[in-house]
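Student: Residue numbers (this note's numbering): 13 to 125.
1) Counting pairs of Cβ atoms below 8 Å between the stretch 108-123 and the stretch 87-99, do you hit three or more?
2) From the DSSP output, read off the bridge partner residues of residue 49.
3) Give, in chain order, every unbroken run of the alpha helix (DSSP H) that is at least 4 residues long and sits entirely within the stretch 71-116.
4) Return the chain-ordered list of same chain residues with a C-beta closer than 6 Å to the C-beta of residue 43, the five sequence neighbours on each side being excluded.
5) Under 8 Å, with one C-beta from each stretch per pair, do the stretch 95-113 and the stretch 64-73 reach the 3-pair mark?
6) Residue 20 lies in the alpha helix (DSSP H); which residues open and close that run?
7) Going by the beta-carbon positions, is the gap between residue 55 and residue 39 smaller than 8 Å?
8) What did DSSP end up calling residue 40 once you bin it into helix, strand or coil?
9) Near residue 28, which residues of its chain fall below 7 Å by C-beta distance, leaving aside the five closest residues on each side in sequence?
10) Taking its Cβ as the centre, do 16 or more other Cβ atoms sit within 10 Å of residue 114, making it buried, or is it exposed?
11) Flag residue 68 as yes when its Cβ comes closer than 7 Å to any non-hydrogen atom of the ligand ADP, and as no otherwise.
12) If you run the structure through DSSP and keep just helix, strand and coil, what is residue 124?
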């Protein structure tokens with residue numbers, strides 16, 4: 013199982029490689045120095061999912077997110093694996109953490125730590 017740590021703990025790790033799962037627009041507004049942006053959703057996809065969440069229902073938004081993300085997962089996993097090398101992988105996003113939790117779970121299922 014993946015570990016959840018706070019930002020202070022993460023920043024103290026000497027061998028960590030940070031992956032920001034937020035959209036490019038969110039990343040451009042600020043990120044952990046040195047973090048690599050590997051967005052689960054692009055700006056338009058994030059806006060679409062947010063609109064569905066606000067205007068319809070959370071479950072409908074989650075389903076749409078899954079539809080969008082599922083085709084991207086192999087490429088995201090390969091990119092994270094290639095960039096991280098042997099360093100410890102730290103994935104993060106914003107607010108609820110659903111994007112980073114989803115990717116952490118996929119990485120774990122693929123045997124990537």
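We put the beta carbon where it would ideally sit given N, CA and C, even for glycine.
Predicted model, so just to flag it, every value in this text is computed and none were measured.
Tutor: Reading off the structure:
1) yes
2) Walking along the chain shown from the start, residue 49 turns up at place 37. Per DSSP, 32.
3) 85-96
4) Translated into positions along the chain shown, residue 43 becomes position 31. Hits under 6 Å: 32.
5) no
6) Counting from one through the chain shown, the residue named residue 20 turns up at place 8. Per DSSP, residue 20 belongs to the alpha helix (DSSP H) from 19-24.
7) Residue numbering aside, residue 55 sits at position 43 when the chain shown is read from its first letter. Residue numbering aside, residue 39 sits at position 27 when the chain shown is read from its first letter. No, the pair does not count as a contact, with Cβ atoms beyond the cut-off.
8) As a first step, residue 40 must be located in the chain shown, where it is residue number 28. In this structure, residue 40 counts as helix in the three-state DSSP scheme.
9) The residue labelled residue 28 in the question sits at position 16 within the chain shown. Once the five neighbours on either side are set aside, the close Cβ partners of residue 28 are 22, 99, 100 and 102.
10) For the purposes of this step, residue 114 is taken as residue 102 along the chain shown, with counting starting at 1. Label assigned to residue 114: buried.
11) The ligand ADP is not part of this structure, which contains no ligands at all.
12) The residue given as residue 124 occupies position 112 in the chain shown. In this structure, residue 124 counts as coil in the three-state DSSP scheme.
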